[in-house]
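Numbering (the numbering used here), first residue to last: 257 to 370.
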């Protein structure tokens with residue numbers, strides 16, 4: 257049975273807040289250095305990740321979680337504070353991401369292979 261990688265995770269915090277964070281959003285805001293980042297005029301831009309999924313998540317003690325994405329990105333460790341920040345600011349961060357893509361003529365969709 258083939259299954260698609262999950263497209264989002266739910267994160268619950270002791271303060272009662274719960275966030276649903278998409279795989280694309282987490283991939284774009286991964287705290288790791290990434291060879292797939294394009295630097296445009298000093299601005300780091302990740303694009304083409306609309307359909308990325310989450311293959312696994314591994315707890316890193318009380319510190320945070322390492323997420324393995326289906327594009328094989330796995331070097332970012334998301335601290336609990338950082339995940340809370342992402343969840344609390346999801347809408348403004350998403351808006352900024354879309355604005356940055358438009359500004360540089362890039363897309364959330366993967367590039368087609370020629």
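Cβ atoms here follow ideal geometry from the backbone N, Cα and C, with glycine treated the same way.
Query	Result
In whole angstroms, what is the alpha-carbon distance linking residue 323 and residue 348?	23 angstroms
For the candidate residues 346, 361, 268 and 329, whose alpha-carbon lies nearest to that of residue 310?	329
Do you know how far the Cα of residue 364 is from the Cα of residue 269?	29 angstroms
What did DSSP end up calling residue 273 once you bin it into helix, strand or coil?	coil
Measuring alpha carbon to alpha carbon, tell me which residue in 275, 353, 262 and 263 is nearest residue 344.	275
For my contact list, residue 319 and residue 335 are in at a C-beta cut-off of 8 angstroms; report their separation, rounded to the angstrom.	6 angstroms
How about residue 287 and residue 332: are their beta carbons less than 8 angstroms apart?	yes
Which residue's Cα is closest to the Cα of residue 341: 327, 264, 305 and 273?	273
For the beta strand (DSSP E) holding residue 324, just list the boundary residues, first then last.	320–325
For my contact list, residue 321 and residue 305 are in at a C-beta cut-off of 8 angstroms; report their separation, rounded to the angstrom.	Not a contact, Cβ separation roughly 19 angstroms.
May I ask which residues mark the beginning and end of the alpha helix (DSSP H) holding residue 354?	346–359
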